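2 protein chains.
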Amino acid sequence: MPIYQAPVRDMRYLLHDFLEVGRYSNVPGFADVTPDLTDAIFEEAAKFSQEVCFPLNQSGDEEGCHWEKGKVTPPKGFKEAYDAFKAGGWNGLTCETEHGGQGLPNIVGLPFMEMMISSNISFATYPGLSRGAYEAIKRNASKELKDRYLPKMATGEWSGTMNLTEPHCGTDLGLIRTKAEPQPDGSYKITGTKIFISAGEHDMAENIVHLVLARVTGAPEGIRGISLFIVPKFMLKPDGSPGERNGVTCGSIEKKMGLKGSATCVMNYDSATGYLVGDLHKGMRAMFVMMNEARIGVGMQGVGLSELAYQNAANYAKERIQGRSLTGTKYPDKAADPIIVHPDVRKMLLTMRAFNEGARALAMWTALHADLADRHPDESVRRDAEDLLALMTPIIKAYLTDMGYESINWGVQCYGGHGYIKEHGMEQIIRDARITQLYEGTSGIQALDLVGRKLPQHMGRLLRQFFHPVDQFIHEHVDDAKLGPLVMQLAKSFARLQQATAWLAEQGLKDPMQAGSGASDYLKLFGLVAVGYMWLRMAKVSLAKLAEGDGDKAFHQNKLHLARFFMEKMLPDTSSLLSKIMAGAEPLMAMDDAAF
Amino acid sequence: MPIYQAPVRDMRYLLHDFLEVGRYSNVPGFADVTPDLTDAIFEEAAKFSQEVCFPLNQSGDEEGCHWEKGKVTPPKGFKEAYDAFKAGGWNGLTCETEHGGQGLPNIVGLPFMEMMISSNISFATYPGLSRGAYEAIKRNASKELKDRYLPKMATGEWSGTMNLTEPHCGTDLGLIRTKAEPQPDGSYKITGTKIFISAGEHDMAENIVHLVLARVTGAPEGIRGISLFIVPKFMLKPDGSPGERNGVTCGSIEKKMGLKGSATCVMNYDSATGYLVGDLHKGMRAMFVMMNEARIGVGMQGVGLSELAYQNAANYAKERIQGRSLTGTKYPDKAADPIIVHPDVRKMLLTMRAFNEGARALAMWTALHADLADRHPDESVRRDAEDLLALMTPIIKAYLTDMGYESINWGVQCYGGHGYIKEHGMEQIIRDARITQLYEGTSGIQALDLVGRKLPQHMGRLLRQFFHPVDQFIHEHVDDAKLGPLVMQLAKSFARLQQATAWLAEQGLKDPMQAGSGASDYLKLFGLVAVGYMWLRMAKVSLAKLAEGDGDKAFHQNKLHLARFFMEKMLPDTSSLLSKIMAGAEPLMAMDDAAF
């Protein structure tokens, strides 16, 4: 039977020792974020995820969702779990107090999200999508629309969705065909077909608030003619409660590799009534808020699933006996040594764990900047935070899902042939995780976003928010007796990142194919340096804790072991990535299209 | 709908232009291997795999195998396909003529095996296991046993299996508990439980010949007390035909991630009658023949599945339109450009293809040496060939499956979200392929075999069979105007391999943990250099063909593009692998077992 224990110890460390959120008590909403409060929340969240969500993870995969005549039923137990989720007030954790939420910042919401993902990613998609829809409406819609929809969405009574893709267009949303015809009353009639709509239809909420991209009659072609609409599943009665059915139905659900408890719907809009959100033809901009938040969330899926895989693999490696240590028997009281004694098994586990904890730190650090961008009273702090958030979003999305997937595969590898058998629950994690590199923009699309948009934006201004602090940290600590050796290693990789950045900027100006050809290797190189920087900072924190005699010595000692492992066994990939980037476009473009 | 076209053009090239099998006409069985003969065989094999096996690939996955009261039924159509397989004489392709086979060498059998794998890996496991059992019996059993079993196995009327693993022991076969009690008539009574037995039970063959590892009463403990037995499903009547049922039953079949058309059985032996194969207590040695052949076969699974993934992904990338080329519209007659114009999509496809063709060459080159080791009249040639085969076997098994899996994931990535949907058939390839890194010894076990056994064997003698020809090739061609730049790149990586080898040898002598810690990175480094060497040699062949005005100019030009791509975009990984190896054991061993 698979196991899961929410990593609340690490989350506490990141919030209070690593990010030192106490330093931001001047930021609205942060004063409440004390260790006492977050301990209480995380303990409850751990209980909810471990006891309510996790027991439904394997059964939900086994059973999947059901579609019948447009009705979608999630797996057994999901509705009850969703009721408990609402009753616990979990949906409102980071919603505004004016809508009935608790108004807590992202840095409190993100650890909870991770627990939901680890314990049951399929279940987590339902509130996850609602959360994104809530944000998009909150930031873009009129007061009237907000008042009608957001309080119900904050409680979770109503859920939300995000309708972008159509069968023929995938990432290229300029090709969207769904039409919106203006009506005399100011509403629109929406007609078209959307695919890959997570949580598009189900019976767990009283209403579903669809956010739909469509083209108003006579709009310009391409991406500049797209607007965003709210299309409720049930029309609202004058008292605001759900009334008659709107013209939107679920045509079918997809048969997928994994994520089977989450309904992936084909949604048919047939003159459905919709309400414009934000400005006409500015739908993409409004949707981007939702997409950016969703991208951080998907990055977190890479981490959450990798955490689940790690815990099980580590547990298995400590229990499964087979062979003896290369240097002789280590557990003489057993018929064989547990496989944890083998260096290759340890390498797999350490790779997973160094990724998990480093990536979690990176996501939390980025989430802090999302909060500062939102809430900080000082405009220049907000702008800097926004810059860092924009820069890191594609890295979080792509690097954390690519590495998360790789990590999960190491976890399965620790099990040998047993990893392939369903009952252990490991193969499910691969299947559930594979989507994370694909949806919300593939990893390749993220790399193009990083290299083609984020790097050149404002003459390279975004980069400064990462390069300056790293540079400064290296200079300040390179001579430190204990931290110095780790700093030296990061410095070497950071120099490679700087070199690659300069190369891409220079070559990319002459020929965009050069930038495009190196984009995905560059994103990976960036991700490695970013996680390496997190490990340096964690090592610094833990060294200080050890020096001051912190009671949890083993915890901090492990952080140091993991930091070293990351630097010596993972970070060296930056050298080959730099070579590949600088090999340029020619090896990719030489062959004729038809020869593939 | 997924597509598959057997790559007969490439197979012909490898056999006749690359390996120049014509040069070996003095080796028994090779004189027949003319282009005419292999063209005829490969065309028929392509037809069989494309028309009989491939149409059952998705339906077999969907339906899976059925178990009821010990009876196992493969998916619909498998029995008919197996009948066609027998009728076509495919099973006997490489079996001895004295048993009714065609006596052709491995280098003819391997391309056929690849086609079977690509078109339907689940189906391919049934004859695949029989093939290994045939070899193990042929090489180890008494004449009497051979005469009774092999002719029926050569036709495919009877199938075979390989029973090693037990629930508690996995790779550590020294822990085997299955017992064999000697009987007065010279037979044995076998009792115990074996798990993960592919094709252990089914209704497609008239009899199933189980090869079973067991411990004879009073045998020494551990690996030196294990013997090998034939245990037929049905006892043979005096006329040699199947009679009454033996004491072996299938207790259940596993629910797995993929490979669902292949029955993975729990086999219960309850005083089943068995016959000793080879010498008492020498079962492991006899089984190794079967395991080595199986390991090459599993490596080929990595290539075959990656080939299937490539063909579909390339096809999709040429058809799916979305966005425009970074340098402006390339297909003005279409609403958007096909995604093949994007450098990142090309990078994924080229990575797959450079792997497929390079790995296929490596497998064929190794298979040639397996044939020479078996058949060459000159003992020193046989010994050298055997050395190379022993050296390359763990590399073929681990590197080709690890890279094959990675490659297949690139194929899925080309599809975006559609890759996650069952109907396209791509996610199935991931699921089917994941087992290849686990069974027949995990990749980590292969790495230990390479570093712990193959490198030190005979004072490093095995290595010479690879290092000398590579060294010689580099020296002979480094100044070549056209080949030189590619040679330089391989030379750099080859130097890294030599450096890593020396480091492991030196450090490993002092502390086996050092060797163990670098083993899997070393195997990958070796695999990269080995495939790089294949690309150099293919580049040389294709340059010569172009120079002599070969009619198939595009084919050879593509080989040169791919060789360059491999050198510049894949081979650079050797630099980071070397760093990781030389970081040594300390970062892996520092953390306490309990801290994981």
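One line per chain: the protein sequences are H and W, in this order. Residues 16 to 611, numbered by my numbering, are exactly what the first sequence covers, in order. Residues 16 to 611, numbered by my numbering, are exactly what the second sequence covers, in order. The C-beta atom is built at its ideal place from N, Cα and C for all residues, glycine as well. Please read these numbers as outputs of a predicted model, since none were measured by experiment.
Anticipated Cβ contact below 8 Å, residue i with residue j, distance rounded
{"i": "G431/W", "j": "L453/H", "result": "6 Å"}
{"i": "G262/W", "j": "S286/W", "result": "5 Å"}
{"i": "S458/H", "j": "A515/H", "result": "Contact doesn't hold; Cβ gap of about 17 Å is too wide."}
{"i": "V227/W", "j": "I205/W", "result": "6 Å"}
{"i": "H439/H", "j": "P17/H", "result": "7 Å"}
{"i": "P358/H", "j": "M604/W", "result": "7 Å"}
{"i": "R390/W", "j": "P126/W", "result": "In fact, because the Cβ distance is near 18 Å, the residues do not count as touching under 8 Å."}
{"i": "A328/W", "j": "M367/W", "result": "7 Å"}
{"i": "L477/H", "j": "L593/H", "result": "Wrong, their Cβ atoms sit about 21 Å apart, outside the cutoff."}
{"i": "P602/W", "j": "E583/H", "result": "5 Å"}
{"i": "I355/H", "j": "F611/W", "result": "6 Å"}
{"i": "E196/H", "j": "T232/H", "result": "5 Å"}
Status (buried if at least 16 other CB within 10 Å, exposed otherwise) for residue i
{"i": "A517/H", "result": "exposed"}
{"i": "N41/W", "result": "exposed"}
{"i": "F303/H", "result": "exposed"}
{"i": "T344/W", "result": "exposed"}
{"i": "H473/H", "result": "exposed"}
{"i": "E129/W", "result": "buried"}
{"i": "G171/H", "result": "buried"}
{"i": "G175/W", "result": "buried"}
{"i": "E455/W", "result": "buried"}
{"i": "H483/W", "result": "exposed"}
{"i": "M503/H", "result": "exposed"}
{"i": "A462/H", "result": "buried"}
{"i": "T112/H", "result": "exposed"}
{"i": "A46/H", "result": "exposed"}
{"i": "A376/H", "result": "buried"}
{"i": "P22/W", "result": "buried"}
{"i": "D352/W", "result": "buried"}
{"i": "P587/H", "result": "buried"}
{"i": "Y252/W", "result": "The amino acid occupying residue 252/W in the given sequence is Lys; Tyr does not appear at that position. K252/W should be labelled exposed."}
{"i": "G107/H", "result": "buried"}
{"i": "L524/W", "result": "exposed"}
{"i": "L512/W", "result": "buried"}
{"i": "H384/H", "result": "buried"}
Distance CB(residue i)-CB(residue j) smaller than 8 Å
{"i": "Y284/W", "j": "T416/W", "result": "no"}
{"i": "K275/W", "j": "G499/W", "result": "no"}
{"i": "E332/H", "j": "V360/H", "result": "Inspection of the sequence shows that residue 332/H is occupied by Ala rather than by Glu. Their beta carbons are under 8 Å apart, which means A332/H touches V360/H by this criterion."}
{"i": "D402/W", "j": "I122/W", "result": "no"}
{"i": "I410/H", "j": "F541/H", "result": "yes"}
{"i": "G116/H", "j": "C110/H", "result": "yes"}
{"i": "S145/H", "j": "M168/H", "result": "yes"}
{"i": "S74/H", "j": "K91/H", "result": "yes"}
{"i": "M441/H", "j": "V427/H", "result": "yes"}
{"i": "Q326/H", "j": "D76/H", "result": "no"}
{"i": "M5/H", "j": "C68/H", "result": "This structure does not reach residue 5/H, given that chain H is present from 16 up to 611, and the question cannot be answered."}
{"i": "T451/H", "j": "S277/H", "result": "no"}
{"i": "G467/H", "j": "A545/H", "result": "no"}
{"i": "I212/H", "j": "N178/H", "result": "yes"}
Any C-beta of chain H within less than 9 Å: which residues of the region 111 to 131 of chain W qualify? none
Go through the region 132 to 201 of chain W residue by residue and report every complete run of the alpha helix (DSSP H) that reaches 4 residues or more, in order. 158 to 170
### Query
At a Cβ cut of 7 Å, what residues of the region 560 to 571 of chain H count as close to chain W, listed as they run along the chain?
A569
Closer than 9 Å between beta carbons: that is the criterion. Which residues of the region 594 to 606 of chain W meet it against chain H? S594, K595, A598, G599, A600, E601, P602, L603, M604, A605 and M606
Using Cβ-Cβ distances below 7 Å, what residues of the region 521 to 555 of chain W are close to chain H? P527, M528, G531, S532, A534 and S535
Can you list the beta strand (DSSP E) stretches of 3 or more residues lying completely in the region 390 to 462 of chain W, in chain order?
-> none
key: Minimum length 3: unbroken beta strand (DSSP E) runs contained in the region 192 to 264 of chain H   = 194 to 197, 203 to 213, 222 to 231, 242 to 247, 249 to 251 and 257 to 260
Short of 9 Å Cβ to Cβ, which residues in the region 172 to 193 of chain W face chain H?
T180, H183, C184, G185, T186, D187, G189 and L190
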